[in-house]
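Take a look at the structure set out below.
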Amino acid sequence: MLSGVGASTNDLWGLHIMKSQSLDAVCIVAGTTIGAGMLGLPMAIGFLGFKVSMVLLLVMWALAFYTSLLLLEVNLQVGAGLNVNMMVKKVLGRWGQVIAVVCLGFLLYAVLVAYVTAMGGIIARAIGVNGDAFSTGACSVAFALVMATIMYLGTNAIVRFNSLFFLSMLGAMGIAFATLSTTVDVNVLMDATPDYKYLVGSIPVLFASFSFHFCIPSITTVVGTNTRQLVRIMFWGTLLPLLCYMLWLFLSLGSVPMDQIVHMRGGVDSLIKSMCNGSVVIQTILSIFAAFALITSFFGVALSLFDLMAETLRRGNSGRERMGTTVIVFVPVIIASLLAPGGFIAALAHAGAALAVICILLPCAMSYKLRREAKAAANKFVYMTPGGSMGIATAAVCGVVILVANYI
């Protein structure tokens, strides 16, 4: 239960005037989430049709929100601000920590590779060199180097840049949605026949679209341990992406026929080209929106990976040590993006498998163990996610399904 007994439901879920740090935290959650999902969703689940896609989005949002509260519960109980690998070590032991570090590291690296390759294509198209593999790779490297520089500057710089780009992304999104709304064929959108053979394969990518859980320790460090405030941040930070995803699918699936989506092979720049219908203005607006979406998500993922590497390798915060950690984070990403320049959707799919472990199965296991220990010792919980053991078991089953679906 929430600390602060007597708080009304409206006080818990109402969107009140938040402090600047709370708004920054919402921007981190929403920005980290949106970049992964929105750009890849039409190509990942467009084959299922609009109506089925909406149902799946709601289910995955509920699962992601619930498991984020489980991870928040564990973080507050074992030590607010502790990174995921340290939480797992304290609760599940050394082998649990090894699993956490491997899965989380793989997850974060895979997502960053997806973003760098996608951003390289967007930049290449913007400057007119799209189709040239060398030039596209150079654009990916240039983007990664700029992000590495910002990462080196520190957390405060990242948070401020992220908030700026997130608000800019919302503005570009509004303009893009308003521009594309006139091109949607509602009848075709609603009458599309789902192709269920793609259902299983789409599940890992869809859950990866709500990936932000690894940012929770950083958020508790910035915001503090006010549970009502933190739950509101999780709620609004995930609800905004859900609404944006629904609008994005409405516009993209209503603008691009399914037979065109089949031949895109996971290319974000190809999706943008198909949606613009030859209009340079629309293409420019969509490219700006896509760039801001990727950048905001990139900040959250890169910050989490930076903190993970610094903590795991016990690196300090001096200028020289930050430089070394930055190299450890970005060099593998640059190399992988050059070796697999068209791997946006593939990288997200593999990220979905790791995400099932680190953001569903491990939080479920840690929460279950901590609750049993607290009950046996009559200890008080700082915060307990609603749903009881049944909720944890249901989430764990969903995690296994997502993990298995990635390799069927």
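Residue numbers for the sequence shown follow full-length UniProt numbering, so the first one is 1 and each next one is one higher. Glycine residues also receive a C-beta, built at the ideal position from the N, C-alpha and C atoms. Please read all numbers here as calculations on a predicted model, not as lab measurements.
| query | result |
| --- | --- |
| Flag this pair as yes or no: are the beta carbons of A377 and M151 separated by less than 7 Å? | no |
| Tell me which residues share the same chain as T193 and place their Cβ nearer than 7 Å to its Cβ, disregarding the 5 neighbours each side in the sequence. | G49 |
| So, under 8 Å CB-CB, V91 and V78 are touching, yes? Tell me the CB distance rounded to an integer number of Å. | 6 Å |
| Residues in its own chain within less than 8 Å of G66 by CB, not counting five upstream and five downstream? | It should be noted that the sequence gives Tyr, not Gly, for residue 66. The residues are T385, G387, G391, A395. |
| Taking Cβ positions, are L76 and T225 nearer each other than 7 Å? | yes |
| Could you compute how far the alpha carbon of V329 sits from the alpha carbon of S304? | 10 Å |
| Using DSSP with H/G/I as helix, E/B as strand and the rest coil, what is M384? | coil |
| Nearest to L23 by alpha carbon, out of L164, A178, A208? | L164 |
| Which same chain residues, not among the five before or five after L82, have their C-beta less than 7 Å away from its C-beta? | N75, P217 |
| Comparing alpha-carbon positions, which option in G399, M60, N85, V223 lies nearest Q97? | N85 |
| Residue range of the alpha helix (DSSP H) that N83 falls in? | First-last for N83: undefined, no H or E at that position. |
| Tell whether a beta-carbon distance below 7 Å holds between M309 and T296. | no |
| Between the Cα of I261 and those of L107, Y245, M43, Y115, spot the shortest distance and give me the residue it belongs to. | M43 |
| Would DSSP call D195 helix, strand or coil? | coil |
| Rounded to whole angstroms, what is the Cα-Cα separation between F177 and M169? | 12 Å |
| If distances are taken between C-alpha atoms only, which option among I175, F207, I45, Y407 comes closest to Q283? | I175 |
| Write down the C-beta distance between Y245 and L58 rounded to the nearest angstrom, noting that I regard them as a contact closer than 8 Å. | Not confirmed; about 10 Å, so no contact. |
| What's the gap between the Cα of residue 487 and the Cα of E373? | Since the first residue shown for the chain is 1 and the last is 408, residue 487 is missing from the structure and cannot be characterised. |
| Which residue from L240, P204, L313, M147 puts its Cα closest to that of Y407? | P204 |
| Report the rounded CA-to-CA distance for W236 versus I360, giving the unit in angstroms. | 20 Å |
| Around the Cβ of I335, are there at least 16 other Cβ atoms within 10 angstroms (buried) or fewer (exposed)? | exposed |
| For V113, which residues in the same chain have their Cβ closer than 6 Å to its Cβ, ignoring the five residues on either side in sequence? | V333, A336, S337, A347 |
| Would you kindly report the start and end of the unbroken alpha helix (DSSP H) that includes T117? | 94-126 |
| Kindly indicate which three-state DSSP category L361 falls into: helix, strand or coil? | helix |
| What are the start and end residues of each continuous alpha helix (DSSP H) run of 4 or more residues lying completely inside the region 139-224, in chain order? | 155-180, 186-191, 199-208, 216-223 |
| Rounded C-beta distance between G46 and M258? I'm assuming under 8 Å. | 6 Å |
| For the alpha helix (DSSP H) containing S337, name the first residue and the last one. | 319-339 |
| Exposed or buried, S318, counting other C-beta atoms within 10 Å across all chains shown (16 or more means buried)? | exposed |
| Looking only at its own chain, which residues have a Cβ that is under 7 Å from the Cβ of D307, when we skip the five neighbours before and after it? | N83, S218 |
| Would you kindly work out how many angstroms separate the C-alpha atoms of S274 and G316, rounded to a whole number? | 47 Å |
| What number of angstroms, rounded off, separates the C-alpha of L127 from the C-alpha of S279? | Residue identity differs from the one stated: residue 127 is Ile in this sequence, not Leu. Cα to Cα, I127 sits roughly 16 Å from S279. |
| Would you tell me roughly how many angstroms separate the C-alpha atoms of C139 and R314, rounded to the nearest one? | 32 Å |
| Tell me the rounded alpha-carbon separation between M147 and M323. | 13 Å |
| Grab the span of the alpha helix (DSSP H) containing I408 for me, first residue to last. | Per DSSP, I408 belongs to no alpha helix (DSSP H) and is neither H nor E. |
| V223 and A25 - do their beta-carbons sit closer together than 7 Å? | yes |
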